[in-house]
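Enquirer:
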Ligand code: FPP
């Protein structure tokens, strides 16, 4: 008989099994890198008759909780998709709000993140951001540069395809200047030209909100990532969902094309 997949059965809200997902995590086999597409803020707000911006603000609260939980369990890298190259197509008021929310996030959280040893990195074209967003981001990166705890990689004005094209252009320039021979181009060299230089690829990609697509996110880096989708909306996502995703990730058998 057809058995509905778990994400269809679960209508959001609290995880079905609250019996200690955290205790079920095998801490010896934690994923090194988790990447999250923070989706569903708008729908969360709509469902409550609130403006979309209220959903983004609630989503910022979720980000705080998830960064905290990630640091606490000793995750190495957390990447979050905050604003894509396509998100500029949204109404200007929403774009402005999101840009200011990022400033607010840094202003509010930087001291605590720094104290907890979080290293903030940015993935995307920072130069096209409004001045105050760019400056706060640059400052946060600078202040936390030498921290040894969780790497919090924020994707802002980020698109996977444009990231790949940017690397291709660099490779072409090197080849044209005779500093690189085409035979020397391999995955390792190419990977070093991406925003994620020096970071392991995501082991696990989480996308809440019921959408099952990648939306131009980390197209190169997620070649062998595991995916965890759920209908929960990002503002309703809590640390228990993160733990559950990790437990389920640990139950999978990664073969990387082998047997
Ligand atoms: C997608 O949901 C979410 C975004 C485009 C913005 C994500 C931003 C936050 C979570 C705010 C906090 C982030 C930082 C870095 C301060 P959506 O608006 O497309 O939701 P919908 O699909 O339900 O409309």
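Numbering (my numbering), first residue to last: 438 to 696. Just so you know, even glycine gets a beta-carbon here, dropped at the ideal spot from N, CA and C.
1. Can you tell me whether residue 458 is helix, strand or coil according to DSSP?
2. Which residue from 521, 505 and 520 puts its Cα closest to that of residue 514?
3. Does at least one heavy atom of the ligand FPP sit under 7 Å from the Cβ of residue 666?
4. Fully enclosed by the stretch 481-564, which beta strand (DSSP E) runs are 3 residues long or longer?
5. If distances are taken between C-alpha atoms only, which option among 559, 640 and 693 comes closest to residue 396?
6. In whole angstroms, what is the alpha-carbon distance linking residue 563 and residue 678?
7. For residue 480, is the beta carbon positioned less than 7 Å from some heavy atom of the ligand FPP?
8. Please determine, among 480, 624, 547 and 566, the residue with the shortest C-alpha to C-alpha distance to residue 592.
9. In the structure shown, what three-state DSSP assignment does residue 666 receive?
10. Exposed or buried, which one is residue 439 when buried takes at least 16 other CB atoms within 10 Å?
Expert: Reading off the structure:
1. The sequence position of residue 458 within the chain shown is 21, counting from 1. Coil, per DSSP.
2. Taking the chain shown and counting its residues from 1, the one referred to as residue 514 is at position 77. Per the C-alpha coordinates, the member of 521, 505 and 520 positioned closest to residue 514 is 505.
3. Counting from one through the chain shown, the residue named residue 666 turns up at place 229. Taking 7 Å as the cut-off, one finds no heavy atom of the ligand FPP near enough to the beta carbon of residue 666.
4. Contiguous beta strand (DSSP E) elements confined to the stretch 481-564 occur at 514-521 and 556-560, taking only those with 3 or more residues.
5. Here the chain covers residues 438 to 696 and nothing more, so residue 396 does not appear.
6. Reading the chain shown from its first residue, position 126 is the one you call residue 563. Reading the chain shown from its first residue, position 241 is the one you call residue 678. Here the alpha carbon of residue 563 sits roughly 31 Å from the alpha carbon of residue 678.
7. Residue mapping note: residue 480 aligns to position 43 of the chain shown, counting from 1. Look at residue 480: its beta carbon is less than 7 Å from one of the heavy atoms in the ligand FPP.
8. Position 155 of the chain shown, counted from the first residue, corresponds to residue 592. Comparing alpha carbon positions, the residue from 480, 624, 547 and 566 closest to residue 592 is 566.
9. If you number the chain shown from 1, residue 666 lands on position 229. Residue 666: strand per DSSP, three-state reduction.
10. For the purposes of this step, residue 439 is taken as the residue at position 2 of the chain shown. Reliability of the predicted coordinates at residue 439 is poor, the pLDDT of 46 falling under 50, and no value is obtained from them.
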